[in-house]
Structure formats: C-alpha cells, structure tokens
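Some notes on the structure that comes next.
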C-alpha cells in the first residue's frame with residue numbers, strides 16, 4: 003500500500019466549480035509533494051472550492067498542515083474556500099492541539115461541507 007493516495011471527483015453547484023478529495027494514508031514531508039501536485043492541478047482548471055475528506059487519513063505532519071494552509075489561502079484569494087471533512091480522531095487531535103481547528107472549516111458530513119462551501123464569499127477580484 004502506498005503511503006498516500008487520493009480519489010478526486012468534481013463537485014459543482016450554482017456557478018462554482020469544486021473538487022472533493024478522499025485522502026488515504028498519511029501526509030508528511032515525503033508525501034506532501036504528491037498532495038500539492040493534486041490540488042494544484044484542479045486549481046489550474048478553475049476550481050475554487052475544495053473538500054478534503056480525511057476519514058481514511060491516518061496522520062498529517064506540519065508539512066501537510068502547511069500545504070493545507072497554503073491551499074486554503076489560495077482558494078480564499080480566488081473567492082472560494084476549503085473544508086476538511088470528517089477527520090479521523092488522530093488527525094483531529096493533531097489539528098486541535100496546534101490550534102488549527104479554529105482556523106480550518108471542519109464538517110462531519112458531506113452535506114455540511116457543501117453548505118459551508120456555498121457560504122464562501124464571492125471573489126472581489128477584477129482580474
């Protein structure tokens with residue numbers, strides 16, 4: 003089994019384009035590059051709303067959290083948002099211990115995640 007894998011599917015609602023990633027394994031300094039490449043690919047296609055499903059993610063290091071923060075920042079700059087869906091207890095404990103549960107939007111169900119994404123402020127970019 004690979005250290006990190008994911009399944010990606012498109013989500014769309016209203017005029018927004020989004021992506022849902024089901025993450026598996028762990029994200030650390032060795033696997034974070036693969037995660038970053040995957041999310042960069044979808045952002046290049048115009049996605050500005052992302053759900054990261056974490057129910058099968060066993061661990062995330064500071065490198066992984068940093069990559070998620072960078073992703074969230076880019077999405078917000080484009081008028082979108084990031085929601086973490088159903089993190090495992092271990093991953094939630096890591097995020098909470100470092101104070102990131104106050105920064106990231108976290109949902110327990112996909113319906114809740116999609117509702118949080120719909121509330122994302124529209125972009126004010128005039129590009």
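Numbering (this note's numbering), first residue to last: 3 to 129. The beta carbon of each residue, even a glycine, is placed where N, CA and C say it ideally should be. The structure displayed is predicted, hence computed values, not measured ones.
query, result
"Pairing CB atoms from the region 29-37 with CB atoms from the region 95-105, are three or more of them under 8 Å?", "no"
"When you compare the CB positions of residue 27 and residue 5, do they come within less than 9 Å of one another, or not?", "yes"
"Measuring alpha carbon to alpha carbon, tell me which of 31, 56 and 85 ends up nearest residue 66.", "31"
"Determine which residues share a DSSP beta bridge with residue 46 and list them.", "For residue 46, which the question treats as bridged, DSSP gives no partner whatsoever."
"Cutting at 6 Å between CB atoms, please list the residues of its own chain near residue 48, excluding the five before and the five after it.", "19"
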